[in-house]
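Asks:
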Amino acid sequence: MRIGYYISGAGHIALILFVLFGGMFNSTPEPFEVTEVSVISGAEFEAMMAAVQPPEATTDVAVPPPPALQEAPPPAESQPDPTPPQPVQPQVTEAPPPDPVPQSAEALPPQPAEVSDAAPVLAPPPQEQVVLAPDNSSRPVPRPAERVAPEPVAAPEPDTRVADTVTEEVVPDEAAETPREEAEAGAPEEATTQIVTEATEPPSAAPTTSVRPRTRPARPEPVAEAPREQPTPQPAPQQPAVQQPSTSDAVNDALRQALEGAAPATPTPAGQSGPPMTSGERDALRVAVQQCWNVGSLSSEALRTTVVVAVSMSEDGRPMNETLRMLSYDGGSEAAARQAFESARRAIIRCGASGFNLPRDKYAQWREIEMTFNPENMRIR
Amino acid sequence: MALLSRGIILASVLALAACTNPDRFDSAGGAGGAGGIGGIGAPGSASDPRSPLYFQQTIGDRVLFPVDQSSITPQYQAVLDGQAQWLMTNTDYVAIIEGHADEQGTREYNLALGARRANAVQEYLISRGVASSRLRVISYGKERPIELCSDEACYSQNRRAVTVISAGLSG
Amino acid sequence: MTRVLTLLAALVVLAMPAAAQTGPLRIEITEGVIEPLPFANPDFVAENAAAAELARAISRVVAEDLTGTGLFREIPSNAFISQITSFNSPVQFADWRAINAQALISGAVSVGGDGSIAVKFRLYDVFAGQELGDGLQFNGTQAGWRRMAHKVADAVYSRITGEGGYFDSRVVYVAETGPKDDRRKRLAIMDYDGANVQYLTDSNAIVLAPRFSPTGDRILFTSYESGFPRIYVMDVASVGRRALPTQEGTMSFAPRFAPDGNTVVYSLTTGGNTDIYRMDINSGATTRLTSTPSIETAPSFSPDGSRIVFESDRSGTQQLYIMSANGGEPQRISFGQGRYGTPVWSPRGDLIAFTKQSKGRFHIGVMRTDGSEERLLTASFLDEGPTWSPNGRVIMFTRETQGESGAASLYSVDISGRNLKQIRTEGGASDPAWSPLQR
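If you're matching them up, the sequences are chains A, B and C in order.
The working numbering numbers the first residue of the first sequence as 2 and each following residue consecutively.
The working numbering numbers the first residue of the second sequence as 4 and each following residue consecutively.
The working numbering numbers the first residue of the third sequence as 5 and each following residue consecutively.
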């Protein structure tokens with residue numbers, strides 16, 4: 002109470018002085034008068050100026066220019082880089098090339114005309130309709146978690162270590178060099194299926210009006226599912242089975258030629274291709290890659306960019322990393338496509354490191370893989 | 004002239020500053036109390052009908068408003084009638100009308116809303132014959148609450164327009 | 005004929021998967037995960053003894069910048085298998101891969117004889133075994149070491165995410181002390197992460213809502229120092245300031261620069277009515293942009309300077325409107341339940357951030373410029389006054405707690421709604437405004 006009095010008293014004295022000597026309400030105030038802030042103590046001011054100045058190179062000659070962005074080929078770059086024996090990994094790119102062109106340039110030939118995958122690929126319907134918590138929803142309200150994944154993952158047991166990938170008890174290789182924490186059987190990190198913002202956390206506070214109009218083109222959901230199911234050699238050949246392959250090949254070839262103006266690159270003789278992949282086998286591969294496809298650090302433009310990535314596989318189901326390349330991209334700039342490709346590349350390499358679970362007897366079917374990474378569903382969740 | 008206006012401002016600023024924390028001296032809150040400081044050197048007590056203290060405590064220096072409103076309710080028209088009468092009688096005084104808002108609003112909007120409230124009071128007083136040259140308005144938005152809780156009980160006291168009397172116009 | 009075509013089309017559809025098997029196997033990945041990208045950031049190499057402490061400090065700031073975005077997760081150094089002891093020695097990718105470091109930053113710091121410092125770094129995509137971009141070096145003064153760290157982090161951020169960074173930026177805000185009914189306010193400026201606080205005014209007069217100029221060299225703000233709210237412009241470097249011209253008997257507030265840096269839009273109240281005006285800051289010439297009996301305030305320019313978004317209660321409650329930069333008939337863009345205020349156009353131009361009041365709570369939200377795709381990012385007793393990071397990815401705002409001891413502080417949130425966190429400031433803080441990236 003007394004403190005308040007003192008503050009008040011001091012304030013009033015200051016006000017009196019200010020009004021008497023401050024020249025407030027001069028009938029003709031100078032409209033463009035520039036005043037220094039002298040009310041700050043000298044020491045404060047010094048400190049402020051000292052702190053302000055260094056970065057503000059424009060106003061002080063004594064201060065060297067602000068950190069100049071300069072390409073710095075560090076001295077050692079000219080020296081031959083003594084690349085030590087490094088097994089397996091191709092070290093082509095390790096020595097920083099004097100070449101300013103980004104290394105991935107070869108992977109980015111602009112191919113605007115390439116539409117090979119755009120048409121045939123029908124996106125499967127989203128596995129779940131993601132809507133920001135409508136308040137009449139009876140769905141369980143997702144809890145916030147640092148990770149957003151297609152499948153919700155419950156919080157691990159208290160003493161389970163969170164691993165970056167779901168690891169089996171037996172780690173095939175790398176086990177020797179893997180540090181303890183990674184070698185232990187890891188539970189997948191806790192994940193939620195959508196971003197839970199503070200605004201959506203308490204069900205009662207769910208935004209009533211943010212029915213996000215996701216203006217997505219109407220998607221023919223039933224149709225989309227159809228082609229995926231159809232190819233599987235399910236014992237239901239209602240159509241004349243004989244007719245299908247030939248006609249479809251013909252039609253498809255025609256279509257392909259019309260679209261690409263060229264013959265397919267790697268024609269595998271039908272006789273050697275073995276039985277086709279089942280949808281289950283394809284899905285297993287898709288799911289495996291999805292687990293490692295982290296779009297969390299992508300810019301919003303990169304999240305609008307679909308990239309098609311090609312990779313050659315070795316017979317043990319591992320991607321041959323040096324063959325990874327971007328075939329085409331759609332929806333964003335080249336720079337955005339590069340980031341999108343890099344995240345796709347990481348996904349394939351990371352989750353393929355111990356080999357994808359692919360049927361060996363159908364190697365011819367998956368020797369070459371083209372993956373379309375379409376982040377549309379991942380934009381806002 | 005310059006000296007004169009300084010005097011006016013000094014007085015008004017004093018009164019105004021005191022108004023920012025009347026609660027410290029009057030735990031009952033509501034109207035009154037601010038005169039304790041504003042009255043440094045000011046003659047008269049609350050019983051002296053010519054004193055600012057009388058204006059503040061007996062007539063009532065403030066008008067309260069419903070949420071988001073700036074029109075004067077009948078209850079406060081009587082208060083403002085009293086204010087107008089006092090100002091007409093005591094022509095030595097001028098007034099600054101402060102408009103305030105509760106904290107339930109964005110800063111900019113509340114500034115504008117406070118200005119509306121202060122203006123509503125000013126217009127009422129003018130309509131009752133007070134010369135417009137004796138009245139000024141200012142809005143503090145939600146910057147200067149007098150009640151601190153975050154309930155309607157406090158909000159209703161903070162949605163106010165306060166007529167702050169200052170002496171000085173003696174000649 | 006039509007039937008034949010239909011049949012043909014059907015066959016094409018049926019044939020697709022079969023056809024795929026004659027070429028490469030084609031799959032589409034439409035679901036992924038959103039999680040922080042794990043990176044390793046070994047302490048930068050000190051290239052001479054004088055740089056030892058600095059090297060460690062700089063790598064810490066780089067790591068804090070990156071993890072602070074919520075997009076990256078740092079792998080603790082005790083998990084490292086190999087160390088970086090020289091900036092130019094080759095990287096043992098297998099060692100970093102084994103601990104699941106997806107990005108690796110290697111850096112070095114040296115102190116020159118004149119006290120200047122050089123900071124250089126390289127960024128690696130560990131799994132691809134490649135360098136991401138070229139090595140970069142920054143030269144500067146020792147006093148500016150934090151800025152150099154922020155520069156490194158900006159470059160890393162931008163190379164991985166594909167969008168500009170925001171670490172080498174500052175925030176001007178209102179520092180608050182004292183109880184609610186006797187709150188003292190003064191202008192302050194700090195680095196975006198809360199470091200290097202400096203006070204720009206004393207606390208004798210209420211100051212409100214500072215705003216940076218497009219180049220970050222000047223600040224507009226509202227002050228009561230004349231007794232009435234008036235707009236001032238301050239030069240950040242010299243801290244000198246002047247009041248913008250005004251008319252007796254009016255109040256002016258809610259100023260904001262146009263992208264040209266010479267025009268200011270603001271609210272002016274006269275006769276109890278608040279409208280939006282623009283002023284040429286050099287000549288003082290003003291133009292009135294709205295003229296209705298309702299409250300029009302909180303104007304904000306589109307990044308191209310052609311349009312202004314603002315709030316108005318002409319419909320009966322606060323809602324958002326967009327008009328031409330020259331005035332004219334505005335279009336209402338907010339139609340949800342509740343009240344919308346303090347709209348701010350994003351630097352990318354595609355979104356508008358706002359404060360929303362609904363059912364007794366306050367939210368920070370974003371919507372597209374046509375009002376669609378509204379998303380609420382926060383909810384609390386009182387959130388208000390969003391400001392955009394220079395890259396349009398993060399929003400900072402004021403959060404005030406309720407009750408007699410209520411106090412304000414600064415928070416930031418990613419536009420996805422994730423990574424909500426408090427910015428540490430000494431004492432209370434409100435009305436943040438984010439600067440552009442420094443040069």
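Glycine included, each C-beta is placed from N, C-alpha and C at the ideal position.
Within 10 Å of its beta-carbon, does T201 (chain A) have 16 or more other beta-carbons around it, so buried, or fewer, so exposed?
Replies: For the purposes of this step, residue 201 (chain A) is taken as residue 200 along the first sequence, with counting starting at 1. T201 (chain A) is buried by the Cβ-count criterion.
Asks: Given a limit of 9 Å on CB to CB distance, which residues of the stretch 112-124 of chain B reach chain C?
Replies: Y112, L114, A115, L116, A118, R119, R120, A121, N122 and A123
Asks: Would you check if the stretch 279-292 of chain C and the stretch 73-93 of chain B touch, i.e. whether three or more CB-CB distances between them fall below 8 Å?
Replies: no
Asks: Quick check on V37 (chain C) - is its C-beta less than 7 Å from some C-beta in chain A?
Replies: On the third sequence, residue 37 (chain C) is found 33 positions in, with the first residue counted as 1. For V37 (chain C), the answer is yes, since a Cβ of chain A falls inside 7 Å of its Cβ.
Asks: Could you work out which residues of chain B lie near T250 (chain C), taking near to mean beta carbons separated by less than 7 Å?
Replies: Residue numbering aside, residue 250 (chain C) sits at position 246 when the third sequence is read from its first letter. Correct list: empty, because the minimum Cβ distance to chain B is about 13 Å.
Asks: Who are the neighbours of F374 (chain A) on chain C, taking C-beta pairs under 7 Å?
Replies: If you number the first sequence from 1, residue 374 (chain A) lands on position 373. Within 7 Å Cβ-Cβ: I33.
Asks: Quick check: is any heavy atom of the ligand PLP less than 6 Å from the C-beta of W438 (chain C)?
Replies: Absence of the ligand PLP from the depicted structure is noted, as is the absence of any ligand whatsoever, leaving it without description.
Asks: To the nearest angstrom, report how far apart I370 (chain A) and R346 (chain A) are at their CA atoms.
Replies: Your numbering for residue 370 (chain A) matches position 369 in the first sequence. Your numbering for residue 346 (chain A) matches position 345 in the first sequence. Each residue's alpha carbon lies about 13 Å from the other.
Asks: Are any of the Cβ atoms in chain C nearer than 7 Å to that of N358 (chain A)?
Replies: Here residue 358 (chain A) is taken as the residue at index 357 of the first sequence, counted from 1. No, because no Cβ of chain C sits closer than 7 Å to the Cβ of N358 (chain A).
Asks: Looking at chain A, is there any beta carbon in it that lies within less than 7 Å of the beta carbon of G410 (chain C)?
Replies: As a first step, residue 410 (chain C) is located in the third sequence; it is residue number 406 there, counting from the start. At least 7 Å separates the CB of G410 (chain C) from every CB of chain A.
Asks: Measure the C-alpha to C-alpha separation of E78 (chain C) and S63 (chain C) and round it to an integer number of angstroms.
Replies: Position 74 of the third sequence, counting from 1, holds the residue named residue 78 (chain C). Position 59 of the third sequence, counting from 1, holds the residue named residue 63 (chain C). One C-alpha to the other measures close to 12 Å.
Asks: Go ahead and pull the three-state DSSP assignment for A311 (chain A).
Replies: Locating residue 311 (chain A) in the first sequence gives position 310, where the first residue counts as 1. A311 (chain A) falls in the strand class under three-state DSSP.
Asks: Which residues, in order along the stretch 200-233 of chain C, keep a beta-carbon less than 9 Å from a beta-carbon of chain B?
Replies: I210, L212, A213, T226, Y228, G231, F232 and P233
Asks: Anything in the stretch 362-390 of chain C with a Cβ closer than 9 Å to a Cβ of chain B? List those residues in chain order, please.
Replies: Result list: G364, F366, F385, L386, E388 and G389.
Asks: Could you pull the start and end residues of the alpha helix (DSSP H) that P77 (chain B) belongs to?
Replies: As a first step, residue 77 (chain B) is located in the second sequence; it is residue number 74 there, counting from the start. Secondary structure note for P77 (chain B): its alpha helix (DSSP H) is the uninterrupted segment P77 to T92.
Asks: So is R101 (chain C) buried or exposed if we call it buried at 16+ other beta carbons inside 10 Å?
Replies: As a working mapping, residue 101 (chain C) is identified with position 97 in the third sequence. Buried.
Asks: Could you check whether the Cβ of E323 (chain A) sits closer than 7 Å to any Cβ belonging to chain C?
Replies: The count along the first sequence starts at 1 and reaches residue 323 (chain A) at position 322. False, the Cβ-Cβ gap to chain C never drops below 7 Å.
Asks: So which residues on chain B does A258 (chain C) lean against when the C-beta distance must stay under 9 Å?
Replies: On the third sequence, position 254 is the one that residue 258 (chain C) refers to. Those within 9 Å of A258 (chain C) in chain B are R110, E111, L114 and A115.
Asks: From this set, B:A104, B:P55 and B:V167, which residue's C-alpha is nearest L151 (chain B)'s C-alpha?
Replies: The count along the second sequence starts at 1 and reaches residue 151 (chain B) at position 148. Closest option to L151 (chain B), Cα to Cα, is B:A104.
Asks: Quick one: using the 10 Å Cβ neighbour count with 16 as the cut-off for buried, is P214 (chain C) buried or exposed?
Replies: If you number the third sequence from 1, residue 214 (chain C) lands on position 210. Classification for P214 (chain C): buried.
Asks: Quick check: the Cα distance between Q292 (chain A) and R148 (chain A), rounded to an integer number of angstroms?
Replies: What you label residue 292 (chain A) is simply residue 291 of the first sequence in a count that begins at 1. What you label residue 148 (chain A) is simply residue 147 of the first sequence in a count that begins at 1. Straight-line Cα distance between these residues: approximately 11 Å.
Asks: In this structure, how does DSSP classify Q1 (chain C) when only helix, strand and coil are distinguished?
Replies: The question about residue 1 (chain C) has no answer, for chain C in this structure spans 5 to 443.
Asks: Strictly below 7 Å CB to CB, what residues from chain A border F76 (chain C)?
Replies: Here residue 76 (chain C) refers to the residue found at position 72 when the third sequence is read from its first residue. Residues of chain A passing the Cβ test: S298.
Asks: For S316 (chain C) versus V348 (chain C), is the C-beta spacing smaller than 7 Å?
Replies: Position 312 of the third sequence, counted from the start, is the residue given in the question as residue 316 (chain C). Position 344 of the third sequence, counted from the start, is the residue given in the question as residue 348 (chain C). The answer is no: Cβ separation not under 7 Å.
Asks: Using 7 Å as the threshold, is the C-beta distance between R422 (chain C) and G74 (chain C) below it?
Replies: Counting from 1 along the third sequence, the entry for residue 422 (chain C) is found at position 418. Counting from 1 along the third sequence, the entry for residue 74 (chain C) is found at position 70. Contact: yes.
Asks: Can you have a look at N104 (chain C) and say buried or exposed, based on whether 16 or more other CB atoms are within 10 angstroms of its CB?
Replies: On the third sequence, residue 104 (chain C) is found 100 positions in, with the first residue counted as 1. Note on N104 (chain C): 16 or more other CB atoms within 10 angstroms of its CB, so buried under the neighbour-count rule.
Asks: Please identify, using Cβ separations under 9 Å, the residues of the stretch 53-82 of chain B that lie next to chain C, in order along the chain.
Replies: D71 and S73
Asks: Is the shortest distance between the beta-carbon of S169 (chain B) and the beta-carbons of chain C less than 7 Å?
Replies: Within the second sequence, the letter at position 166 stands for residue 169 (chain B). With 7 Å as the cut-off, S169 (chain B) does not count as an interface residue toward chain C.
Asks: At least one CB of chain A closer than 7 Å to the CB of P28 (chain C): is that the case?
Replies: Taking the third sequence and counting its residues from 1, one reaches residue 28 (chain C) at position 24. Interface residue, yes.
Asks: Just the Cα atoms here: how many angstroms apart are D47 (chain C) and G169 (chain C)?
Replies: Residue mapping note: residue 47 (chain C) aligns to position 43 of the third sequence, counting from 1. Residue mapping note: residue 169 (chain C) aligns to position 165 of the third sequence, counting from 1. If you take the alpha carbons of D47 (chain C) and G169 (chain C), they lie about 21 Å apart.
Asks: Flag T181 (chain C) as yes if its beta-carbon sits less than 7 Å from any beta-carbon of chain A, otherwise no.
Replies: Position 177 of the third sequence, counting from 1, holds the residue named residue 181 (chain C). For T181 (chain C), no Cβ of chain A is located within less than 7 Å of the residue's own Cβ.
Asks: Please classify K425 (chain C) as buried or exposed, where buried requires at least 16 other C-beta atoms within 10 Å of its C-beta.
Replies: Position 421 of the third sequence, counted from the start, is the residue given in the question as residue 425 (chain C). In summary, K425 (chain C) is exposed, with fewer than 16 beta-carbon neighbours lying within 10 Å of its beta-carbon over all protein chains present.
Asks: Name the chain B residues that come within less than 7 Å of Q406 (chain C), Cβ to Cβ?
Replies: Against the third sequence, residue 406 (chain C) aligns to sequence position 402. Residues of chain B passing the Cβ test: S153.
Asks: Please list, in chain order, the residues of the stretch 153-165 of chain C that have any C-beta partner in chain A closer than 7 Å.
Replies: K155, I164 and T165
Asks: Would you list the residues sitting across from R351 (chain A) in a DSSP beta bridge?
Replies: Here the question's residue 351 (chain A) lines up with position 350 in the first sequence. Note: R351 (chain A) sits in no beta bridge, so no partner.
Asks: Indicate whether the contact test is met: 3 or more Cβ pairs, each with one atom in the stretch 118-138 of chain C and one in the stretch 174-182 of chain C, closer than 8 Å.
Replies: The stretch 118-138 of chain C makes no contact with the stretch 174-182 of chain C: fewer than 3 CB pairs, one atom from each, lie closer than 8 Å.
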